[in-house]
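Oh and the sequence shown: position 562 is 665 in the numbering used here, straight run, nothing missing.
Report on the structure given below.
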Amino acid sequence: MPNKNNKKNLIDTHPVGRIFNIGKEKAVWKRVTELKPGVKIAVEKDGNLAWDEIVEIKSVGLERVWDIEVEGTHNFVGNGIIAHNTFLNDLVGIGTTNPADTTLNLSSTSPSSINMLDVDGVIRINQSVVTDTVSNTLYNNSDVLMWNDKQISAGPNLYSINGSVSNDEYLSLQHKQGTTDILVTAWVNDGTKWVKIANLGDPSDTTGDYYFTTPDSDTVRLHNKSGNSQSLKLDIFVSGANVAEWYTLDNTFADTSTASDVSDISDTSDTSDVITTGTSPSTEITLPGSSPDTSITESTSVPNTEITKIESGDVVALSTNIDDYGMPMIRKTSTYYDSSLFGVVTTSASHEMGIQRDGRKLVALSGRVPVKIDPASSDIKPGDFITASSLEGHATKAEMPGRVIGTALQSWNKNSGDKKVLVLVNPTYNSPTAQALTSALSSDSSTSGDISNEMLTLRDQIVALSNNLKDTLSSLGMTLTKDEVSEKDTLAINSDMHILGDVTLTNLTVTGDIQAGMVTIDTLSNSVDVLGSSCYNSETNTINDTLCNDQALHLQKSGSGMIDMFDGKIVAKPNGTLVIENSIETKKLVINTSDVESAAAGKTTIKAGDTSITIDTSAVNDKSIIMITPERPATVGSKYKQEGKFEIVLKEAQAEDLDISWIIVDRKD
């Protein structure tokens with residue numbers, strides 16, 4: 104049989120049977136029907152036990168076999184072969200598959216070096232398996248199956264696994280003291296326990312006795328053993344309407360009204376400005392401290408490629424990218440009055456929402472924060488609205504309605520040398536006209552006396568409102584004029600106008616040029632062009648294909664309809680067909696013949712001695728005109744055969760091959 108060092112080969116070769124030791128060799132019991140040439144078996148040789156390989160198996164008829172019984176053990180000897188019965192109760196021998204229940208006692212004379220039980224198969228244990236020494240172990244590759252309330256142990260000073268303590272709901276761990284503490288408790292029908300964890304860490308440490316309970320159907324509670332200090336940390340995933348974050352609980356029971364229960368939510372107040380009332384309990388009202396940055400921030404994700412580019416003072420907007428928590432990431436603003444304006448990046452704050460992680464930045468949503476200013480901005484004074492600039496991540500003075508980041512708290516001009524301005528962050532939409540109207544209407548003065556005084560007061564309010572409206576329009580570069588032709592009032596805007604939203608107009612008249620992206624409509628030359636340099640060189644008659652493709656002007660790119668010019672005289676269809684009502688004048692006409700099956704022109708050869716050839720092309724039909732041109736003088740003709748086929752015919756066969764060109768022209772009835 105193979106030796107110890109070749110156990111895998113032994114298992115692969117003999118997958119069925121039980122392994123036992125004979126001397127220093129491992130043996131496997133096999134049925135006689137399983138024996139075959141090449142298998143080694145135990146035989147008697149020179150009065151000793153030896154292993155010999157089976158060379159041939161053949162029937163020799165009946166042989167006499169002796170059964171030598173020694174203390175209840177049967178040894179079958181016959182024809183030089185010894186079969187040793189290792190099972191008890193006289194029920195197991197060669198070919199026996201159902202041994203009776205019994206006890207197998209194992210021991211070792213050298214407990215420091217010999218395994219208690221060394222197996223490659225399966226051991227089924229219905230009673231306890233115990234060793235009397237520390238070093239004896241079950242072999243690594245063994246597979247132990249247990250039933251009922253049984254136990255595997257290695258003496259009183261080592262760990263044991265119990266299938267049950269008092270019932271089948273427990274899996275216990277026995278430590279060095281020999282006592283059993285509960286390791287895992289299964290579900291109990293009364294709903295008080297689910298999983299119980301005992302004695303984490305050193306066995307003598309009793310402070311780590313933790314378990315879960317379910318006081319009601321909606322609550323899971325983690326307990327410390329009664330009387331021990333409460334020092335637990337538990338990561339909990341919190342998902343709300345606006346955030347989805349991980350928070351760490353610092354106490355056994357977390358209360359949403361107690362900030363100290365959650366380590367990532369600070370409950371530390373700025374004690375420099377605190378008003379208190381009473382002694383016990385006291386009430387505290389916290390006012391903003393003296394720090395320049397007293398903002399409320401949100402920890403917001405940034406794309407990995409942008410994390411090092413976004414810094415404190417940058418104006419940011421929400422992007423279309425989503426982080427692992429389903430929240431939108433941020434980007435630097437780069438357009439005036441960015442409609443997705445979100446906040447300002449900062450490095451510190453009085454209050455932080457969310458959790459700082461790799462790939463995140465603090466974004467101020469409210470409070471005083473230094474903001475980068477575009478050097479091209481108009482002069483700024485305290486109270487001016489601040490919005491996004493076209494310079495990436497920078498702000499500028501807001502001079503028209505639109506999305507703003509907040510109001511300036513400091514003055515600034517181009518010569519100040521300052522790169523940032525302190526801003527009271529409050530992202531909102533600013534409408535000076537609406538604010539002026541609201542301000543005018545808010546002057547609610549009470550009237551008294553007779554009706555005349557009330558009318559005079561009302562008149563004064565209307566005049567004040569009119570003056571405020573005129574001043575507001577004037578500040579925006581707008582004037583109201585009278586159209587002498589139509590007798591209608593006209594709004595004239597004398598400065599640039601930026602409209603960030605959608606515009607719906609009944610009629611639009613443009614006296615200058617129109618530009619939409621790279622496409623321009625020139626009203627002076629009556630032309631439609633794409634901005635860019637010419638991709639055609641008329642001097643060399645060459646075309647820059649790449650540039651022409653990049654600057655192509657597309658008409659009906661989606662193919663949703665035809666292009667009609669001159670009321671149907673020239674029509675381009677979505678399939679590429681061009682219909683021209685009159686003639687075509689051109690210096691050169693090139694017909695693509697690369698697709699032979701659908702070509703409208705081509706070239707063929709009639710071999711010497713032949714008088715005809717058939718041409719296949721989908722371009723020909725019964726209304727087609729077929730023109731034939733031979734390369735040397737010959738009498739040739741053509742005739743239509745069927746849809747997609749026509750024939751070229753020679754009056755007389757030629758002595759040499761004849762090349763012939765042909766072209767098909769469709770005619771319309």
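Cβ coordinates follow ideal geometry from the N, Cα and C atoms, glycine included.
Which residues bound the alpha helix (DSSP H) around residue i?
i	result
Asp70	The displayed coordinates of the chain run from 104 to 772. Any statement about residue 70 would go beyond what the structure contains.
Leu650	Asp648 to Asp653
Does residue i come out as helix, strand or coil in the three-state DSSP assignment?
i	result
Val247	For Val247, the predicted structure reports a pLDDT of 48, less than 50, and the residue's modelled location is therefore unreliable. A value from the coordinates is still provided. Of the three classes helix, strand and coil, the one that applies to Val247 here is strand, per DSSP.
Phe356	Low confidence applies to Phe356: its pLDDT is 42, below 50, so where it sits in the model is not reliable, and the reading given next is rough at best. Residue state, collapsed to three classes: coil.
Ser437	coil
Glu455	strand
Ser674	In the sequence as presented, Ser is not what sits at residue 674; that position holds Val. Val674 falls in the strand class under three-state DSSP.
Ala145	strand
Val566	helix
Asp667	strand
Asn640	strand
Thr645	strand
Leu572	helix
Thr490	strand
Leu658	coil
Gly392	At Gly392, the pLDDT of 38 sits below 50, so the modelled position is not reliable; the number obtained from the coordinates is stated separately. Here Gly392 sits in coil by DSSP.
Lys754	coil
Glu688	coil
When DSSP builds the beta bridges, which residues end up paired with residue i?
i	result
Glu495	Note: Glu495 sits in no beta bridge, so no partner.
Ser630	Asp625
Ile171	Asn178
Val528	Gly470 and Gly509
Gln618	Thr623
Ile476	Ala498
Ile777	As shown, the chain starts at 104 and ends at 772. That puts residue 777 outside it, with no answer to give.
Lys523	Lys475
Pro431	Ile425
Out of the options, point me to the one whose CA is closest to residue i's CA.
i	options	result
Leu634	Gln654, Ala704 and Tyr743	Gln654
Gly733	Arg562, Val674, Ser715 and Glu495	For the record, residue 733 in the displayed sequence is Pro; it is not Gly. Of the candidates Arg562, Val674, Ser715 and Glu495, the one whose C-alpha sits nearest the C-alpha of Pro733 is Ser715.
Val631	Thr643, Ile617 and Asn644	Ile617
Ile751	Ser764, Ser721 and Thr607	Ser764
Thr449	Glu414, Gln757 and Lys672	Glu414
Ser741	Gly747, Ile728 and Arg735	Ile728
Cys651	Met665, Ser641, His497 and Ser636	Ser636
Asp427	Leu444, Ser443, Gly416 and Gly462	Gly462
Ser481	Glu455, Lys517 and Met600	Lys517
Lys139	Asp155, Val418, Ala501 and Thr649	Asp155
Lys726	Glu746, Ser162, Thr707 and Ile624	Glu746
Gly705	Gly712, Pro431, Ser721 and Asp713	Ser721
Ala498	Asn644, Gly712, Ala703 and Lys522	Lys522
Pro473	Met456, Ala479 and Ser451	Ser451
Thr649	Cys638, Pro485 and Phe488	Cys638
Gln513	Glu502, Ile160 and Asp487	Asp487
Ala758	Ala479, Lys744, Phe749 and Ala737	Ala737
Thr436	Gly496, Thr643 and Val674	Gly496
Lys748	Arg770, Ile767, Thr717 and Arg471	Thr717
How far does the beta strand (DSSP E) with residue i in it reach, from first residue to last?
i	result
Leu421	Val418 to Ile425
Leu512	Leu512 -> no beta strand (DSSP E), and no H or E assigned at all.
Thr708	Ala704 to Ile709
Asn151	Asn151 to Glu156
Val135	Per DSSP, Val135 belongs to no beta strand (DSSP E) and is neither H nor E.
Leu444	Leu444 to Thr449
Leu603	No beta strand (DSSP E) holds Leu603; DSSP gives it neither H nor E.
Val613	Per DSSP, Val613 belongs to no beta strand (DSSP E) and is neither H nor E.
Val163	Here Val163 belongs to no beta strand (DSSP E), and DSSP marks it neither H nor E.
Leu681	Leu681 to Ile683
Would you please verify whether the beta carbon of residue i is less than 9 Å from any beta carbon of chain B?
i	result
Asn640	The structure shown has no chain B; it contains just one protein chain.
task = Could I get the ranges of all uninterrupted beta strand (DSSP E) runs contained in the region 711 to 751, with 3 residues as the minimum, in chain order?
result = Whole beta strand (DSSP E) segments, 3+ residues: 715 to 719, 727 to 733 and 739 to 745.
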